[in-house]
Amino acid sequence: MKKNILDKEKMQKIVSFCKRKWIIFPASEIYWGFANTYTYWPYGVEIKNNIKNFWWKNFVQARRDIVWIDSPILLNPKTWEASGHATWFNDALTDCRDCKSRFRADHLIENQLEWVDPEGLPFEEMTKIIHKNSLKCEKCWSENLTDVRKFSWMFEMEMWKIWESEKIFLRPETAQWIFLEFKNVLDNTRQNFPFWIAQIWKSFRNEITPWNFTFRLLEFEQMEIEYFIEEKNWEEIFEKWQNDMKNFCKNIWLSEKNFRFFEHSKEKLSHYSKRTVDIEYNFPFWGFKELTWLAYRTDFDLSQHDKFSGQELKFRNSQTNEKFIPHVIEPSFGLDRAVLAVICEAYFEKEDWSVIFKLDPKIAPVKCAILPLIKKFTPKAEEIFDMLKMDFACELDEKWSIWRRYARQDEIWTPFCVTVDFDTLGEWDEPNDAYFGTVTVRNRDNWEQVRIKIKDLKGFLVDKIK
Ligand code: GAP
39 MKKNILDKEK MQKIVSFCKR KWIIFPASEI YWGFANTYTY WPYGVEIKNN
89 IKNFWWKNFV QARRDIVWID SPILLNPKTW EASGHATWFN DALTDCRDCK
139 SRFRADHLIE NQLEWVDPEG LPFEEMTKII HKNSLKCEKC WSENLTDVRK
189 FSWMFEMEMW KIWESEKIFL RPETAQWIFL EFKNVLDNTR QNFPFWIAQI
239 WKSFRNEITP WNFTFRLLEF EQMEIEYFIE EKNWEEIFEK WQNDMKNFCK
289 NIWLSEKNFR FFEHSKEKLS HYSKRTVDIE YNFPFWGFKE LTWLAYRTDF
339 DLSQHDKFSG QELKFRNSQT NEKFIPHVIE PSFGLDRAVL AVICEAYFEK
389 EDWSVIFKLD PKIAPVKCAI LPLIKKFTPK AEEIFDMLKM DFACELDEKW
439 SIWRRYARQD EIWTPFCVTV DFDTLGEWDE PNDAYFGTVT VRNRDNWEQV
489 RIKIKDLKGF LVDKIK
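Counting from 39, one number per residue, gives the positions in the sequence shown under the numbering used here.
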């Protein structure tokens, strides 16, 4: 059984750092916030985009047997009946009658009863455990808790037709749209079987547990792939994907000691899965928790949509004429959790309480800072900014002393700082011709400075960063 006790102080430090450094802010702050929603600020947007682009390059751009899509968030509500989400995608919740707080029953049991594993227990069983052991509300410590009830994880909405309304849902995973489009891709693209369909976009879940920062959001981005295969090949492909996912984590600079595989036990698999393995990351404030997941979804989803839609979702082998519903391997990455893991890994407090934030250069939000030594050199710095801005995320900073500006860039792990100084413009009484039209480039990792001609700067940075 997994027990994760939240260390609020450690989390608070990372939350404050993210605010101070323009990475992530709580959303709707002027209305005292809105639980489980956050806004990415400029550096957060860059970090997120860089991880997303790296995933895309790695898993989509680098393959020839893949189709990529960008689907609507709202799907025909029949989808959720067929997929089983309408029936099984629920939380067991209990309310405190005194302070009106609401809790996930499994979390309450897990937190207050060391020896009980609540995963997969029926609602009546959880109700009995809560009352028999006098479990308490975690806000006001009252024992006046309701019986456990079912709440859907899906957000429900109403869509008005001419005379009546219909219940529709915000999708809780991007995967279902991929299943709905399987036949279209088969019929209309020139993909050979087996093939992949990928997409990155938002999913929504009715998460009620607070104090999770961006780990458990109401809306979050998923980077999902469904691989349509023959049943006999699933084990080999599954193994290979475990390796690919592990390499991805290493390539965004998560250290191997901080992540591990977690195999879901047979009894606790989702209704559609025959095998599921998570990669868990060792988050500093609560220990190992799910970062990504890999599932063998069998032919469950396509069979269900075949049945509910009445459309044949089979692949026909042109050589043997055999028809079958493909099986599916699903690697699913949560983008927001990947950003959070990268932030946790990068954040390091020194003994003097100062913070080092060490990012992979391809993930770093700013690749090159251009710093005029004095304000008078700003026009030249602007020229350099214009020269580089379409190739790299750059920042021109002219405020405060050069040392404070270096320190500011170091804190967000900008790999290179370019300084426009007196030599660049030949501003000395006895200018050094050899240095005219050059800038100094300071490397973040070793603080070494080299002089480079402005015209060679782009080539230098391409070489070092790309
Ligand atoms: N299609 C499979 C699926 O949705 P999941 O484990 O429920 O499986 C996949 O979600 C990934 O999405 C997770 O590994 C996690 O990274 C991310 N994720 C799930 N719920 C989330 C939430 N409420 N907030 C942020 N990320 C979430």
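Think of the CB as a built atom: it goes at the ideal place given N, C-alpha and C, for glycine as much as any other residue.
### Message
Quick check on the burial criterion: 16 or more other C-beta atoms within 10 angstroms. Buried or exposed for Met39?
### Response
Any reading at Met39 must be qualified, since the residue scores a pLDDT of 47, below 50, and its modelled position is unreliable; no value is offered.
#### Entry: Through-space distance from Gly372 to Phe97, alpha-carbon basis
15 angstroms
### Message
Taking 7 angstroms as the limit between beta carbons, can you name the residues of its chain near Gln349, skipping five residues before and five after?
### Response
Lys221
### Query
Tell me, which residues are paired with Tyr385 by DSSP?
Phe395
#### Entry: Minimum C-alpha distance to Ile394 - residue among Leu44, Asp45, Ile52, Gln99
Ile52
### Message
Shorter than 7 angstroms, the distance from the beta carbon of Gln260 to the closest heavy atom of the ligand GAP, or not?
### Response
yes
### Three-state secondary structure assigned by DSSP to Pro410
strand
### Message
Am I right that Phe258 and Glu119 are in contact with their C-beta atoms under 8 angstroms? What's the rounded C-beta distance?
### Response
The pair is not a contact, with the Cβ atoms about 24 angstroms apart (cut-off 8 angstroms).
### Task
From the DSSP output, in three-state form, read off Asn128 for me.
strand
### Message
Considering only their Cβ atoms, is the gap separating Gln447 from Ala407 smaller than 8 angstroms?
### Response
yes
### Query
When we look at the beta-carbon of Thr117 and count the other beta-carbons within 10 Å, is it buried (16 or more) or exposed?
buried
### Query
For Lys400, which of Arg142, Pro453, Trp441, Asn359 has the nearest alpha-carbon?
Pro453
### Task
Check whether the Cβ of Ala445 lies closer than 7 angstroms to any heavy atom of the ligand GAP, and answer yes or no.
no
#### Entry: Cβ-based burial, Val500 [other Cβ within 10 Å; buried from 16]
exposed
### Task
May I ask whether a heavy atom of the ligand GAP can be found less than 7 angstroms away from the beta carbon of Leu329?
yes
### Message
Check this for me: beta carbons of Thr212 and Ser241, under 8 angstroms apart or not?
### Response
yes
### Query
Gly325: beta carbon under 7 angstroms from a heavy atom of the ligand GAP?
no
### Query
Which one or two residues does DSSP pair with Gln280 in a beta bridge?
DSSP, once it has assigned bridges, lists no residue as partnering Gln280.
#### Entry: Spatial distance of Glu436 from Phe386 (CA atoms)
28 angstroms
### Task
Tell me the start and end of each unbroken alpha helix (DSSP H) in the region 324 to 377 that is at least 4 residues and wholly inside, in chain order.
338 to 347
### Trp94, DSSP secondary structure in three states
helix
### Burial state of Ser370 (16 or more Cβ within 10 Å)
buried
### Message
Can you look up Trp272 in the DSSP assignment and give me helix, strand or coil?
### Response
helix
### Query
Touch check for the region 264 to 274 and the region 86 to 93: three-plus C-beta pairs under 8 angstroms?
no
### Query
When the Cα atoms are used, what is the spatial distance from Arg58 to Ile200?
50 angstroms
### Query
The alpha helix (DSSP H) with Lys46 in it runs from where to where?
46 to 58
### Message
For Lys327, count the other beta carbons within 10 Å of its own beta carbon; 16 or more makes it buried, fewer makes it exposed. Which is it?
### Response
buried
### Query
For the ligand GAP, is there a heavy atom less than 7 angstroms away from the beta-carbon of Glu157?
no
### Query
Given Phe161, which residues of its chain have a CB within under 6 angstroms of its CB, disregarding the five upstream and five downstream residues?
Ala130, Val186
### From Phe217, Glu202, Thr132, residue whose alpha carbon lies closest to that of Arg335
Phe217
### Task
Starting from the C-beta of Phe127, find all residues in its chain whose C-beta is less than 7 angstroms away, skip the five residues before and the five after it, and write them out in chain order.
Ser190, Trp191, Met192, Pro210
### Query
Skipping 5 residues on each side, what residues in its chain have a beta carbon closer than 7 angstroms to that of Arg354?
Lys361
#### Entry: Contacts around Ala376, its chain only, beta-carbon distance under 6 angstroms, and the 5 residues preceding and following it disregarded
Ile89
### Task
Whole angstroms is fine: what's the gap from Phe141's alpha carbon to Phe207's?
23 angstroms
### Task
Quick one: using the 10 Å Cβ neighbour count with 16 as the cut-off for buried, is Val477 buried or exposed?
buried
### Message
How far does the beta strand (DSSP E) with Val456 in it extend, from its first residue to its last?
### Response
454 to 458
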